[in-house]
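*Asks:*
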Amino acid sequence: METIHYRIMEQKELERIGEIDRKEEWTFKYVYKDGELQKEPVHYQITRWDEQQVAEHSDMLLPLLQEGGSMVGAFAGEMLVGVAVLGNRLLGEKQDLLQMAFLYVSHAYRRQGIAQRLMDNMCELAVARGAAGLYISATESGSAVGFYLDYGCELAERVDPELFAKEPADIHLILRFA
1 METIHYRIME
11 QKELERIGEI
21 DRKEEWTFKY
31 VYKDGELQKE
41 PVHYQITRWD
51 EQQVAEHSDM
61 LLPLLQEGGS
71 MVGAFAGEML
81 VGVAVLGNRL
91 LGEKQDLLQM
101 AFLYVSHAYR
111 RQGIAQRLMD
121 NMCELAVARG
131 AAGLYISATE
141 SGSAVGFYLD
151 YGCELAERVD
161 PELFAKEPAD
171 IHLILRFA
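Numbering (the UniProt record's numbering), first residue to last: 1 to 178.
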C-alpha cells in the first residue's frame with residue numbers, strides 16, 4: 001500500500017480538488033422522512049467533476065477558507081487523493097459547532113482509512129478552536145452517510161437553516177466531542 005501523507009493546504013490550492021476521482025455507483029440514497037433515515041433505491045453513476053463543477057465547489061469553499069477555515073489534503077506522492085474542509089463559523093443552537101464542509105476521497109484510495117484520518121484532522125482542528133463538535137451536511141449517498149454514522153455522528157435534531165436551504169436533500173448530522 002502506498003504511503004499517504006497529510007498536510008494543511010493553502011487557499012491557492014483549492015482548484016486541486018479536481019484531482020479527486022469521486023467515481024461511485026449509488027444503489028440507494030438516504031432520505032430523512034418521518035423523523036428517521038430511510039433508504040430509497042436509486043441507480044446513479046457518479047463521475048469525476050468537470051471544470052464547471054470544480055469551479056462551483058471552489059467558489060463555495062473559498063469563503064470558508066477566507067473566514068479562517070482549514071483545508072487538509074491527503075497525498076499519494078504529489079497527487080491529491082483526499083481532501084476535507086473545516087469552516088470557522090460557529091453553528092448550532094449553542095453556537096458551539098464548526099461546519100465540516102467537504103470530505104472526498106478518490107475512488108482508488110477508498111477503504112484505506114483516509115477518510116477516517118481526514119475526519120480525525122478535522123476534529124483536532126475544531127477542538128483547537130474551542131468547538132464542542134462538528135456540524136455536517138452530508139450528501140445523501142449510502143457510503144457518505146454510512147461513513148459518518150460509523151464515525152459516531154448522529155442526526156441533527158435541528159438543521160442549520162442556511163445549510164438546509166442550500167442543499168435540502170443532504171443529511172444533516174452532528175458529531176459531539178465527548
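Where is the CB? At the ideal position from N, CA and C, for every residue including glycine.
1) Please confirm whether Tyr135 and Ile171 have their CB atoms less than 8 Å apart.
2) Taking C-beta to C-beta, are Ala126 and Asp21 nearer than 8 Å?
3) Going by beta-carbon coordinates alone, are Leu118 and Val72 separated by less than 8 Å?
4) So Lys166 is in the beta strand (DSSP E); what residue range does that whole segment cover?
5) Following the continuous beta strand (DSSP E) through Leu61, name the residue where it begins and the one where it ends.
6) Can you have a look at Lys33 and say buried or exposed, based on whether 16 or more other CB atoms are within 10 angstroms of its CB?
7) For Gln116, does the three-state DSSP call read helix, strand or coil?
8) Closest to Arg7 by CA distance: which of Lys29, Val81, Glu24 is it?
9) Rounding to the nearest angstrom, what Cα-Cα distance links Met79 and Ile17 in this structure?
10) Just checking my contact of Gly87 with Gln99 at CB under 8 Å: how many whole Å lie between their CB atoms?
11) Where does Arg16 sit, in a helix, a strand or coil, going by DSSP?
*Replies:* Taking the coordinates as given:
1) For the purposes of this step, residue 135 is identified with residue 135 of the sequence shown, where counting begins at 1. For the purposes of this step, residue 171 is identified with residue 171 of the sequence shown, where counting begins at 1. Against a cut-off of 8 Å, the Cβ pair of Ile171 and Tyr135 comes out as no contact.
2) Residue 126 sits at position 126 when you count from the first residue of the sequence shown. Residue 21 sits at position 21 when you count from the first residue of the sequence shown. No, these two residues do not count as a Cβ contact at 8 Å.
3) In the sequence shown, the residue the question calls residue 118 occupies position 118. In the sequence shown, the residue the question calls residue 72 occupies position 72. Against a cut-off of 8 Å, the Cβ pair of Val72 and Leu118 comes out as a contact.
4) As a working note, residue 166 is residue 166 in the sequence shown. Segment 161-166 is the alpha helix (DSSP H) holding Lys166; no beta strand (DSSP E) there.
5) Sequence index remark: in the sequence shown, residue 61 carries index 61 (1-based). From DSSP, Leu61 is part of no beta strand (DSSP E) but of the alpha helix (DSSP H) over 51-66.
6) Here residue 33 refers to the residue found at position 33 of the sequence shown. Burial call: exposed.
7) Numbered from its first residue, the sequence shown carries residue 116 at position 116. Three-state DSSP puts Gln116 in a helix.
8) Indexing the sequence shown from 1 puts residue 7 at position 7. For the residues Lys29, Val81, Glu24, the minimum Cα distance to Arg7 belongs to Val81.
9) Reading the sequence shown from its first residue, position 79 is the one you call residue 79. Reading the sequence shown from its first residue, position 17 is the one you call residue 17. Roughly 10 Å between the two C-alpha positions.
10) If you number the sequence shown from 1, residue 87 lands on position 87. If you number the sequence shown from 1, residue 99 lands on position 99. Indeed, because the Cβ distance is near 4 Å, the residues count as touching under 8 Å.
11) Looking up residue 16 in the sequence shown gives position 16. Helix.
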